[in-house]
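Residue numbers (the working numbering): 67 to 379. Everything below concerns the one structure shown next.
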Amino acid sequence: MPHHHLKASAETCHWGFFDAALPPVLTVASGDTVTIDTVTGPPEMQPEPGTGLNVLPEIADIHARAPKQLPGHILTGPVAVEGAEPGNVLQVDILEVTPRTNWGYNVIRPLAGTLQSDFHETRILHIPMDLHARMAKLPFGINLELKPFFGVMGTAPPPAWGRVTSIVPRAFGGNLDNKELMAGATIYLPCFVAGGRFSCGDGHGAQGDGEVCVTAIETALQGTFRLTLRKDLNFGYPRAETPTHHITMGMDPDLDRCAEMALRDMIVLLGEKRGLSREDAYTLCSLAADLRVTQTVNGSKGIHCVIEKRLLA
């Protein structure tokens, strides 16, 4: 199938928002693959010259000519898929995720994160990344394995929503911050506009479940995706799978509500995949499914429910 390369630039990036009115910067056929370059961070998060940390050449122009519209992330896209219509599902196979630079940053901000009242000063860390060894060198003497993934992957929102911040995850996906979605995983995103219009960004070098201080190792990534239109699927909330597990998701300011959403969707999925009654699916979830905290810092928090595929074979 044809392959495309979408580079990050002031013309291909949108900063801080998703919007159904945003036109696609690339249109592909269903089944095509596309490599997407992303950048990360506002000007104040970029390291100073002479540190040995590689600042991408396009970032200054993006800051200057693609100004921040809402608080949020710098995203590359959107990419439209021919034939996609509202009510369809976009299957996004994550084929490869590669760091574009040799550093990332982590920031603690007052009145943000999970412990909003506990930390009163801003702290910015620039974290070197050894791309050959696939390790991040934390300044307090710990080396952390790189496990890169995109914190934000989403389609365009429903037109009636207007322009919405990229910070809050919603039915179109967006700022999921789900570390399960590395290379080899697949995410299924509902389409609310023609073309679906996929954007991504918020690259992470590594992150714990929760992302508790509000940032991971924030870094620039390149991702290669296969975008496939699924007219045979019809659901209104993101799902995902890895080579070994099915994943459903719930996002809400209340973690209890998140758990309920993810669990209800898993019960539906078990009915679809294995023909289980609601009662049998509920029992299987209690015996074999895991509820995991995705993140606790994005306005709407996240829970994802995972179950091994082998149980449904």
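All C-beta atoms in this analysis are idealised placements derived from N, C-alpha and C, irrespective of residue type, glycine included. On a predicted model such as this, the values are computed, not experimentally measured, just so you know.
Check                                                                                                                                                                      : Outcome
Give me the Cα-Cα distance between residue 223 and residue 247, rounded to the nearest whole angstrom.                                                                     : 21 Å
Measuring CB to CB, does residue 286 end up less than 9 Å from residue 103?                                                                                                : yes
Is the distance from the Cβ of residue 257 to the Cβ of residue 315 below 9 Å?                                                                                             : no
In or out: residue 319 buried (at least 16 other Cβ within 10 Å) or exposed?                                                                                               : exposed
Quick check on this structure: which residue in 136, 141 and 121 has the alpha carbon closest to the alpha carbon of residue 72?                                           : 141
Could you give the distance in angstroms between the alpha-carbon of residue 362 and the alpha-carbon of residue 217?                                                      : 13 Å
With a threshold of 7 Å on Cβ separation, who are the neighbours of residue 131 within its own chain once the five nearest residues in sequence on each side are excluded? : 76
Are there 16 or more other CB atoms within 10 angstroms of the CB of residue 341, so buried, or fewer, so exposed?                                                         : exposed
Go to residue 359, then tell me how far its beta strand (DSSP E) extends in each direction, as first and last residue.                                                     : 356 to 361
In the DSSP output, what is residue 227 paired with across the bridge?                                                                                                     : Partner(s): none; residue 227 has no beta bridge.
Give me the residue from 379, 373 and 125 with the minimum Cα distance to residue 311.                                                                                     : 373
Return the residue from the list 323, 343, 304 and 278 that minimises the CA-CA distance to residue 175.                                                                   : 278
Considering residue 129, what are the terminal residues of the alpha helix (DSSP H) in which it resides?                                                                   : 125 to 131
Following the continuous beta strand (DSSP E) through residue 317, name the residue where it begins and the one where it ends.                                             : 311 to 318
So what does residue 252 bridge to, in DSSP terms?                                                                                                                         : 159 and 307
Got a sec? Which residues, its chain only, sit under 6 Å from residue 113 by beta carbon, not counting five neighbours each side?                                          : 119 and 192
Work out the CA separation of residue 241 and residue 181 for me, nearest whole Å.                                                                                         : 20 Å
So what's residue 146 in DSSP terms, helix, strand or just coil?                                                                                                           : strand
Return yes when the Cβ of residue 289 is within less than 9 Å of the Cβ of residue 117, no when it is not.                                                                 : no
Specify, as a first and last residue, the run of the beta strand (DSSP E) that residue 367 falls within.                                                                   : 367 to 374
Starting from the N-terminal side, write out each stretch of the alpha helix (DSSP H) that is 4 residues or longer and does not extend beyond the stretch 320 to 358.      : 321 to 340 and 344 to 354
Under the DSSP definition of a beta bridge, which residues are partnered with residue 288?                                                                                 : 103 and 164
From the DSSP output, in three-state form, read off residue 92 for me.                                                                                                     : strand
So with Cβ pairs under 9 Å, would you call residue 243 a contact of chain C?                                                                                               : Given the protein chain composition of this structure (a single chain), no chain C is represented.
Report all residues from its chain with a CB closer than 6 Å to the CB of residue 139; omit the five preceding and five following residues, and keep chain order.          : 218, 232, 267 and 268
Rounding to the nearest angstrom, what Cα-Cα distance links residue 300 and residue 153 in this structure?                                                                 : 6 Å
State the Cα-Cα distance for the pair residue 156 and residue 210, rounded to the nearest angstrom.                                                                        : 33 Å
If we ignore side chains and look at the alpha-carbon of each, how far apart do residue 254 and residue 306 end up?                                                        : 6 Å
Can you tell me whether DSSP reads residue 197 as helix, strand or coil?                                                                                                   : coil
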